[in-house]
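So the structure is just underneath, and the comments pick up after that.
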Amino acid sequence: MVKNLYPFKNNYLEVNGCRYHYVDEGQGDPVLMLHGNPTWSFYYRNVILALRDNYRTIAPDHIGCGLSDKPQDYNYTFDQRAQDVATLIEHLQIEKDITLIVHDWGGMIGMLFATRFPEKIKRIVVLNTAAFHLPKSKMFPWPLWICRNTRFGAFLVRHFNAFVRIAARVCVKQKPLPKEVREMYVSPYDSWENRVAVLRFVQDIPLVKKDPGYDLISEVQEKLKLFADTPMLICWGKKDFVFDYHFLEEWIKYFPQAQVHRFPKSGHYILEDSGEEIIPLIQKFIRDGE
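Residue numbers in the sequence shown follow UniProt numbering, run continuously in steps of one, and reach 290 at the last position.
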């Protein structure tokens, strides 16, 4: 691991017998950053560096991801992941004024946490993610379908680390990631065993009513109205082939008051493509709401 790219103290909390890694830097109102799949807290490194002089920046690695333990028998569901976040926030004794920043699976995990503890949430930043069912106008992408539903897809994910390696290339659109950055995304997933959560994240996507977690997404979707008056900043990479304009339109439908910034040349890893533009927007968004 290249330390200068991730210059943070490693903190660990035991959760269900596992070491749960998190970054906790700075003082002030808390900013909670939740990553998705197949990233880890490294995704938020530049946001942490920009905010930690004025805020308490917190970025966990979900169990199975990043520097957290990667057990083979964990309950790899987004319900459990939201419980893990709640355990961490309780451990850190944070009661209110959270700025919640979410990306990819972090959206569903974060908004599930938020609907359970709405009194803790002060504002929300949304980065190419969802907190509702697949929009009716959107087809489920076939690469995800293969990984989710076939043994061949599972083999590609677990044996070749295909999901992580391909994502580090295709999720950035403006210019390729430097090799050392790309390898930082890949390095936590360096064996069959360590890729368990990458696969389970994909397999846990609920698409039909019989799927585990489907009813929970319905519940979160219904409870989004709890945040109708919560300040929201949406920054959206328009070249994301999964979380595309169909998802953005859903966010706007639920939150017409949100500040929306579209980035036409950016992909799914929007902070890699457009972080220099987005981070000042986040800083201003937080500062204006103080």
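Cβ atoms here follow ideal geometry from the backbone N, Cα and C, with glycine treated the same way.
Pick from the options that is closest to residue i, judged by C-alpha positions
i	options	result
residue 235	280, 6, 213 and 192	280
residue 282	87, 68, 7 and 127	127
residue 124	75, 59 and 258	258
residue 232	101, 205, 275 and 208	101
residue 41	254, 165, 9 and 230	9
residue 271	245, 50, 7 and 93	50
residue 86	113, 157 and 6	113
residue 104	222, 209 and 267	267
residue 89	60, 209 and 181	60
residue 11	58, 224 and 34	58
residue 6	274, 182 and 96	182
residue 186	37, 27, 26 and 75	37
residue 136	35, 188, 208 and 265	208
residue 226	143, 244, 108 and 119	119
residue 158	191, 287 and 47	191
residue 52	68, 215 and 29	29
Per-residue DSSP class, three states only, for residue i
i	result
residue 6	coil
residue 255	coil
residue 161	coil
residue 273	helix
residue 108	helix
residue 172	coil
residue 282	helix
residue 297	Residue 297 falls outside the range modelled here, since the chain spans only 1 to 290, and no answer is possible.
residue 320	No information on residue 320 is available, as it lies outside the stretch 1 to 290 that the chain covers here.
residue 115	helix
residue 153	helix
residue 247	helix
residue 144	helix
Straight-line Cα distance separating residue j from residue i
i	j	result
residue 162	residue 194	13 Å
residue 256	residue 110	20 Å
residue 116	residue 23	23 Å
residue 239	residue 39	18 Å
residue 71	residue 200	12 Å
residue 206	residue 140	11 Å
residue 66	residue 82	17 Å
residue 31	residue 98	6 Å
residue 56	residue 92	11 Å
residue 173	residue 265	7 Å
residue 176	residue 273	9 Å
For residue i, the residue or residues it bridges with in DSSP
i	result
residue 22	11 and 60
residue 103	127
residue 262	236
residue 121	98
Check: residue i C-beta below 6 Å from any heavy atom of the ligand NAP
i	result
residue 214	The ligand content of the structure shown is nil, which means the ligand NAP is not present either.
Inside the segment 28-97 only - beta strand (DSSP E) runs reaching at least 3 residues: The qualifying runs are 30-34 and 56-60.
Suppose only complete runs of 3+ residues qualify. What are the beta strand (DSSP E) ranges in the segment 185-244, listed by chain order? For the segment 185-244, the continuous beta strand (DSSP E) assignments of 3+ residues that do not extend past its boundaries occur at 232-237, in sequence order.
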